[in-house]
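Here the sequence shown stands for residues 14 to 474, numbered as in the working numbering.
By construction, the Cβ of each residue, glycine as well, lies at the ideal position given by its N, Cα and C atoms.
What you are looking at is a predicted structure, and each value in this text was computed from that prediction instead of being measured.
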Amino acid sequence: MTVSNYLANSCRRAWVALPLAGFLVSGCFGDGRQSTIRPASDVGHAVQAVYSVVTWIDIGIFIVVFGLLIVALIRFRGGKEGEMPKQVHGNPVMEILWTLVPAVLLIFIAVPTWSTIFLTANPPKENAVHVLAIGKQWWWEFEYVDSGVVTGNELHVPVNRPIVITTRSTDVIHSFWVPRLSGKIDSLPGKDNVLWFTPQEKGVFYGQCAEYCGTSHANMRFRVIVEDEADYEKWLASVTQPPVPQTAEAKEGEQLFLAKACVACHTITGVPGAVGKVGPNLTNLGARSSIASATIENTPQNLAAWIHDSRSIKPGVLMILPLPVSVEEAGKLAAYLTSPTGPAPGAPAPQGGATLNMKQPPAGAAAAAGGGLDGKTLFLTKGCTGCHTVQSLPLARGTIGPALDGLQARPRIAAGVLPNTEANLKRWIKDPPSVKPGTLMVKLGLSDAEVETIVAFLKTL
């Protein structure tokens, strides 16, 4: 081979190796927000210690094995053509060594592994914060067992206190994972799994679903905020009170929240009628750093855009589209939802649709006695469209509850619980949980006249 050919081949090999080198060093950049080798909890450090033992043993094995391979390639390379190499017919010492050495190495790996398994399987019982983490397509609900506080997609915990997470799913298999704080554990329908950790650093830690679960799996993220005990207690207090509107725009947003479909899916603590369980709890939403399961940052502009057209931000989201909300109304709703929380004398009721800004209220089946709104308008504005579909109404495209076309012809309602009579339909709409405990359909606080008007409309479908 000539010198020029040798140099050409060397250059070609270098160009092939260059992209590989880029991939190898890519892990050295970034903030490592989801790095498992930068643990920030006691359990994280214990798991990392096991990884370190295994890694160093693997490196030692790699060096020995490939070192012997290189020695063999050089020392026992082929000689003259036709020459028979020296044959080896067994070496008891070597055979014993290559049996014992792996066994000893496995023991060195097994001891810290088993001790870490026992550590993670036995959560502390004293001074622990117990949280129920429920995976849903595609967001996380966090319920603080001791205080009853419920929030979504952001988990606040105190530093240096054990955090015990019990996780389950309401639909498909998800997986709870905060790389810097704990390992991952599956969230299963009908079965609880438990993990725990004690955070040792303050800050924001990033988690996500680690089990493919559908269209927006990649957007099923959440954040864990680790803070001082005093800040944690202050946060707990803030999520037990409703938002208090400070501006005229926010006050209009409050009326819109109660009058539109929002209350069918969302809860705000302290707001009568806002007890929906389908979507995240929105109490103290303004204090959250992100929205849409940590898909976008929580700014007034982003929140208004999310309210107005959620599926352009998060494909597959169950939030109904299109919402009967204009761009201007979305801004008012965002102003209300981000208002500071505090004690309030009571949430105002919707004012007969005066703030609904509907261009042409459609004609309905019957007018509510003294209410001024027909059944179709009430159906569109009282939250029904958040869960139900009616083909003749473009805004009624909810997929949480049954489609209501042909309801009058059905022999039974409430999944067969009640015969389909006018009296039973009124009873079901008025107070669903009293008829069917655990139902997702919420008590909307409708008056008897409003219920009667909605029933009259449903009978025409």
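*Using the C-alpha atoms, what's the distance from residue 66 back to residue 399?*
Each residue's Cα considered, the two are about 53 Å apart.
Query raised in the report: How is residue 155 classed by DSSP in three states: helix, strand or coil?
Result: Of the three classes helix, strand and coil, the one that applies to residue 155 here is strand, per DSSP.
>> Can you check which of these residues, 282, 281, 270, is closest to residue 346 by C-alpha distance?
In response: Comparing Cα-Cα distances from residue 346 to each of 282, 281, 270, the minimum goes to 270.
Are residue 162 and residue 154 touching if we call contact CB-CB under 9 Å? Residue 154 is positioned such that its CB atom lies no closer than 9 Å to that of residue 162.
Return the chain-ordered ranges of every beta strand (DSSP E) run that is complete within the segment 193 to 248 and spans a minimum of 3 residues.
-> Segments of the beta strand (DSSP E) lying fully in the segment 193 to 248: 198 to 200, 206 to 210, 216 to 222, 234 to 240.
Could you tell me which of 118, 444, 340 sits nearest to residue 286, measuring between CA atoms? Of the residues 118, 444, 340, the one whose Cα lies closest to the Cα of residue 286 is 444.
**Item:** Boundaries of the alpha helix (DSSP H) in which residue 68 is found, first to last residue
**Value:** Going by DSSP, residue 68 is part of the alpha helix (DSSP H) stretching over 55 to 88.
Nearest neighbour of residue 280, chosen from 261, 256, 265 [CA to CA]
Comparing Cα-Cα distances from residue 280 to each of 261, 256, 265, the minimum goes to 256.
*asked:* Under 8 Å: do the segment 425 to 442 and the segment 300 to 314 share three or more Cβ pairs, one atom per stretch?
replied: In short, these stretches do not touch, since the Cβ pair count stays below three.
Quiz item: Who are the Cβ neighbours of residue 142 in its own chain at under 8 Å, not counting the five residues just before and after it?
Solution: Excluding positions up to five away in sequence, the list reads 157, 159, 170, 171, 174, 175, 176, 177.
Of the residues 85, 200, 387, 433, which one's Cα is nearest the Cα of residue 151? Closest by alpha carbon: 200.
| query | Going by C-alpha distance, which of 145, 69, 458 is nearest residue 119? | reply | By alpha-carbon distance to residue 119, the top candidate from 145, 69, 458 is 69.
Rounded to the nearest angstrom, how far is the Cβ of residue 254 from that of residue 355, given a contact under 8 Å?
Contact between residue 254 and residue 355 holds: their C-beta atoms lie close to 6 Å from each other, under 8 Å.
Practice item. Starting from residue 189, follow its DSSP beta bridges and name the residues at the other end. Key: Answer by DSSP bridge pairing, in chain order: 198, 222.
- request: Report the rounded CA-to-CA distance for residue 32 versus residue 216, giving the unit in angstroms.
  value: One C-alpha to the other measures close to 35 Å.
Flag this pair as yes or no: are the beta carbons of residue 236 and residue 168 separated by less than 9 Å?
Contact flag set, yes.
Query - Separation of residue 35 from residue 29, as counted between CA atoms - result: Between residue 29 and residue 35, the C-alpha separation is close to 11 Å.
Can you look up residue 147 in the DSSP assignment and give me helix, strand or coil?
Three-state DSSP puts residue 147 in a strand.
- Looking only at C-alpha atoms, which of 90, 292, 406, 136 sits nearest to residue 330? The residue with the shortest Cα to Cα distance from residue 330 is 292.
message = Taking the alpha-carbon of residue 238 as reference, which of 219, 450, 461 has the nearest alpha-carbon?
response = Of 219, 450, 461, the residue nearest in Cα terms is 219.
ask   = To the nearest angstrom, how far is it from the Cα of residue 387 to the Cα of residue 352?
value = Distance between the alpha carbons of residue 387 and residue 352: 32 Å.
**Q.** Close Cβ partners of residue 258 (< 6 Å) along its chain, the five nearest in sequence each way excluded
**A.** Excluding positions up to five away in sequence, the list reads 264, 267, 349, 352.
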